[in-house]
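Just so we're aligned: 108 in the working numbering is position 108 of the sequence shown, and the numbers increase by one with no gaps anywhere. Idealized CB from N, CA, C, for every residue including glycine. Working notes, structure below.
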Amino acid sequence: MTVEAANSAEYFKRAREALAGGISHENRYTEPHPIYVNRAQGSKKWDVEGKEYLDFSMGSASLLLGHSHPDVVAAVQQQMPLGSYYANCHPLEIEWAELVKGMYPSVERLRFTASGTESTMLALRLARAFTGKPKVIRFEQHYHGWHDYLMYGMVAPYDRSASCGIPDAMRELTIVSKPEADAVEGILKTNNDVAAIICEVSGPNWGSVPLVKEFLHSLRSLADKYGVVLIFDEVITGFRWSPGGMQQVVGIRPDLSTFAKILTGGLPGGAVGGREEIMRLLDPAFAFNGRKPGVTHKGTFNGCSIIAAGAVAAMKVVRTGEAQKHANEMASRIREGMKSTLEKHQIAGTAYGDASTFHVFFGKTDKDGGVGKLDPAQIRGLPKELVRGYQLGLRNRGVELMSYMGGVTSLAHTDKDVAFFLGAFEDTLRDLIRDGLVGRA
Ligand SMILES: Cc1ncc(COP(=O)(O)O)c(C=O)c1O
C-alpha cells in the first residue's frame, strides 16, 4: 500500500498514529517533523517533496561506498531470484567471513549477527563465559547499541541508566571508567571479577569526543596483565578508519571485535570476530563447562544470503583501501574549510575528526586549539538551540548531517559536494551569529 500524503509534515502526522513516536529510531525524530526520504544515490538523497539533500549521514555511517553502489546493487539483484534467505548454511557466508579475516588478523573466527547491538551483546556473553566473571569495564559516554548491558555510563550522569526499564542489577555488572589508564588499572586492581573491557575505539559517539590512541595500547597491556578480554567496538571504525579498522591504524590485536554497518555493505547485520579459543565457545561440536555449545547464539537473519551477497560485493571494494583514501580526503578538506570559515568570522570553536568524519565544536577550545582535552560532557552538551539551529540551518540548505554536530563522507562525495557543504556551512554560521547562538573567538 502506498502512503498517500503530499509532504513530510503530513507523513509525520500520519506516522504518529501508526508508529510509536511516529518514528523507527529515536535519532530520526526532529522538530517540527522529520524529512521523509524515498530515493538516494551516491552522495545525495531526495525527500518526498523532491528536495535534494547532500548526505553526510550515509546510512548512519554504513555507506562508505555511497548510496546504491553499483556492485552492491548488482550483487543483491543477482541473489534475489535465487532466494533471499535459506535458513541454511550457504557459500556466500564463508566468502564474506574469509574477506573479513583477510582484513583483520585478530579475527581468527567470525560469527554473523543481525546488528551492531547484537554484536556487542554477544561479545559480552563470550567474554563472561570465557573468563567465568560477570563485570564489564566501559567508558563514559561510549555507545555500544541499545541493549540493557551497557545502559549505565552511556550518557551523563554516568551513574544513572540511560533508559527507564533497565534493572538495577545492571549497575552492579557495569563499571564506568574515564578513558585513563590509571583509572582502569585502579579498577582492575580492586575488582577480580572483571570479564571484559569494551571501548568505542574512535572515542565516544563515533569520535565526536576524541580518544587518545595511546590509551588503546594501555588497554591492551592492562587486559593482558589482568587476564581480561579486550573488546574493540569497531561498528563505526571497522572498514572506515582503514580496511582493517582502527586496530590496523594503531597496530593492536583485540581479543574480540564487533562489527556492523560497512561490514554488510550498508545492509542490516553485524558480526563478532576474534581469538579462536574464545570464538570456539560458539562451536556446537566443542564442549565447554558441560554444554555444547558453551555459548548459545541464534538469530533468524544471521549471515542471510541476500545480505551476504551485497556484503561480499562491498568487501571486495572496501579491501582495496581506495574508498577510505578518497573519503578521508573529502573529510579533511571539509574540516580545513570549516576551520577557515570559523577564523574568517572570528567565531570561537573548531572543526575536528578522524578519518572520514567531521565535527564542529562551538565554544572555547582547549589549550591546543582542539577539543581533545575538554570534558566529554562539555563537547556533547552544547546548548540545544545551537545544535538545533546548526542542524536545521544545514538541512534547510539541503545538507543532512549524521547526528549531533557532525557527518561522514564516502567514496561518492566529490569536490563539488565539499564546496556546496562549505557554502551551506558559512550561511548557517551567519544565521547562528545573527541569532546570538555562537560567540566570538
Ligand atoms: C560504536 C557502536 N556500537 C554499536 C552500535 C549499535 O549498532 P546497531 O545500530 O547496528 O545496533 C553502534 C550504532 O551506531 C555504534 O556506533
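Buried versus exposed, by CB contacts within 10 Å (16 or more), residue i
i      : result
Ser163 : exposed
Ile94  : exposed
Glu118 : buried
Lys364 : exposed
Ala15  : buried
Phe286 : exposed
Tyr11  : buried
Arg434 : exposed
Gln248 : buried
Asp224 : exposed
Tyr149 : buried
Spatial distance of residue i from residue j (CA atoms)
i      : j      : result
Gln141 : Glu214 : 19 Å
Gly42  : His413 : 7 Å
Gly270 : Gly59  : 14 Å
Glu343 : Gly372 : 19 Å
Val201 : Ala6   : 43 Å
His69  : Leu422 : 25 Å
Tyr86  : Gln78  : 15 Å
Arg333 : Gly244 : 23 Å
Thr320 : Arg240 : 12 Å
Met402 : Tyr53  : 12 Å
Asn38  : Pro134 : 45 Å
Gly294 : Val194 : 19 Å
Val318 : Gln324 : 8 Å
Asp375 : Met279 : 36 Å
Met315 : Asp47  : 29 Å
Arg440 : Ala348 : 5 Å
According to DSSP, residues forming a beta bridge with residue i
i      : result
Phe232 : Cys199, Ser257
Leu392 : DSSP output for Leu392 lists no bridge partner at all.
Asp47  : Val37
His359 : Tyr352, Gly406
As assigned by DSSP and simplified to three states, the class of residue i
i      : result
Gln324 : helix
Phe139 : strand
Thr409 : coil
Leu437 : coil
Val295 : coil
Ile252 : coil
Gly274 : strand
Glu400 : strand
Phe56  : coil
Arg128 : helix
Gly269 : coil
Arg335 : helix
Which whole runs of the alpha helix (DSSP H) in the segment 8-32 are 4 residues long or more, in chain order?
8-18
Within the segment 145-226, note down every full alpha helix (DSSP H) run reaching 4 residues or more, in order along the chain.
169-173, 181-190, 204-207, 213-226
Would you list, in sequence order, the uninterrupted alpha helix (DSSP H) runs of no fewer than 4 residues that lie entirely inside the segment 61-88?
If we require 4 residues or more, the alpha helix (DSSP H) runs fully inside the segment 61-88 come out as 70-79.
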